[in-house]
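Going line by line, the protein sequences match chains V and H. The first sequence begins at 1 in the numbering used here and counts up by one. The second sequence begins at 1001 in the numbering used here and counts up by one. Note that beta-carbon positions come from the ideal geometry of N, C-alpha and C, so glycine has one too.
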Amino acid sequence: DQQVKQNSPSLSVQEGRISILNCDYTNSMFDYFLWYKKYPAEGPTFLISISSIKDKNEDGRFTVFLNKSAKHLSLHIVPSQPGDSAVYFCAASPRNLYNFNKFYFGSGTKLNVKP
Amino acid sequence: GAGVSQSPRYKVAKRGQDVALRCDPISGHVSLFWYQQALGQGPEFLTYFQNEAQLDKSGLPSDRFFAERPEGSVSTLKIQRTQQEDSAVYLCASSLGVGSYGYTFGSGTRLTVV
């Protein structure tokens, strides 16, 4: 059973507009969340993260929002640029016995930013 | 090198063949992870090493899968008697510390079992 879900497989946005990518999770033990970006034939690259003690984290054009009560997070990209076109993965991690971060990934959302 | 290096990039194996996938993590990185990514899915955790110690192998799908990191640097993921359902991209990632977030992934090895 998938613990992290990205229900939109794809999203198309006009350049300059806002892109909003959504992610839902089921495990209340998750305490750290990340977004990864992936281009074809490359590995995922870390984009932005948020701890469960926060509800917002911002880095330039990227902002991640966390709603713990709804077990929902979202990634906002403003303004969207054609170079942002990629697959975006949401990932979540609980703390565990060995204190390392074992991430559970969603299935990804393919973002297409049209010029 | 500057990043995580994986080889080969592509591997085609006949069903029943054994394969070995190599990962060279970033130098000095303590933590090393293997993930499996099936087509259209997100990466799924396979196993974790802290230096040479394999501390979590709960994600390995069967006893045909075996991973090692004998000297705490290079790691090898071995799959014995490959099956068609093993076809996937195998991603290796490393991070500097134990509790580090946002690990660095390699480009992966795409395994196709025919």
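Cα-Cα separation, residue i to residue j
i               : j               : result
T63 (chain V)   : L75 (chain V)   : 6 Å
K54 (chain V)   : A41 (chain V)   : 33 Å
Q1041 (chain H) : Q1017 (chain H) : 25 Å
V1113 (chain H) : Q1080 (chain H) : 12 Å
F1105 (chain H) : S69 (chain V)   : 31 Å
L1091 (chain H) : Y1101 (chain H) : 16 Å
Y32 (chain V)   : A91 (chain V)   : 8 Å
P79 (chain V)   : T109 (chain V)  : 18 Å
T26 (chain V)   : A1067 (chain H) : 30 Å
E1052 (chain H) : R17 (chain V)   : 47 Å
E1085 (chain H) : D1 (chain V)    : 18 Å
L1096 (chain H) : G1003 (chain H) : 12 Å
P44 (chain V)   : R1064 (chain H) : 26 Å
R1015 (chain H) : V4 (chain V)    : 32 Å
S19 (chain V)   : S1005 (chain H) : 32 Å
P9 (chain V)    : G1028 (chain H) : 37 Å
E15 (chain V)   : L73 (chain V)   : 23 Å
I77 (chain V)   : C23 (chain V)   : 14 Å
Nonlocal neighbours in the same chain, by C-beta distance under 6 Å from residue i, ignoring five residues either side
i               : result
K56 (chain V)   : F65
K1078 (chain H) : A1020 and F1066
A1038 (chain H) : A1088
R1022 (chain H) : S1007 and T1076
S107 (chain V)  : Q6
R1110 (chain H) : Y1010 and V1089
Neighbour-count burial assignment, residue i, 16 or more Cβ in a 10 Å radius
i               : result
Q6 (chain V)    : buried
Y104 (chain V)  : buried
N101 (chain V)  : buried
D59 (chain V)   : exposed
P1025 (chain H) : buried
L47 (chain V)   : buried
K114 (chain V)  : exposed
Y39 (chain V)   : exposed
Y88 (chain V)   : buried
S1107 (chain H) : buried
R1069 (chain H) : buried
V1012 (chain H) : exposed
Cutoff 7 Å: residue i Cβ touching any chain C Cβ
i              : result
N112 (chain V) : Within the model displayed, chain C is absent; protein chains V and H are what it includes.
Close-in-space but distant-in-sequence residues of the same chain around residue i (CB under 7 Å, 5 per side omitted)
i               : result
L1060 (chain H) : L1046 and T1047
M29 (chain V)   : P94
Q1050 (chain H) : V1030, S1031 and V1098
Can you pull out the residues from the segment 28-42 of chain V whose beta carbon lies closer than 9 Å to at least one beta carbon of chain H?
Y32, L34, Y36, K38, A41 and E42
Note down, one range per segment and in chain order, each beta strand (DSSP E) of at least 3 residues found wholly within the segment 1018-1094 of chain H.
1019-1024, 1031-1037, 1044-1050, 1053-1056, 1065-1068 and 1075-1079
Just by C-beta distance, which residues in the segment 1043-1058 of chain H are closer than 8 Å to chain V?
The residues in question are P1043, E1044, F1045, Y1048, Q1050, L1055 and D1056.
Of all the residues that make up the segment 1086-1097 of chain H, which are near chain V by a beta-carbon distance shorter than 7 Å?
L1091
Of all the residues that make up the segment 98-109 of chain V, which are near chain H by a beta-carbon distance shorter than 9 Å?
Of all residues in the segment 98-109 of chain V, Y98, N99, F100, N101, K102, F103, Y104, F105, G106, S107 and G108 have a Cβ within less than 9 Å of some Cβ in chain H.
To test your reading of the DSSP string, which unbroken beta strand (DSSP E) runs of 3 or more residues are found completely within the segment 1-59 of chain V?
10-14, 19-25, 30-38, 45-51 and 56-59
Against chain H, which members of the segment 42-66 of chain V pass a CB distance test of less than 8 Å?
So the list reads E42, G43, P44, T45, F46 and S49, given in the order they occur along the chain.
Which of the residues in the segment 1004-1036 of chain H, read from start to end, lie with their CB under 9 Å from any CB of chain V?
V1004, Q1006, R1009, S1031, F1033 and Y1035
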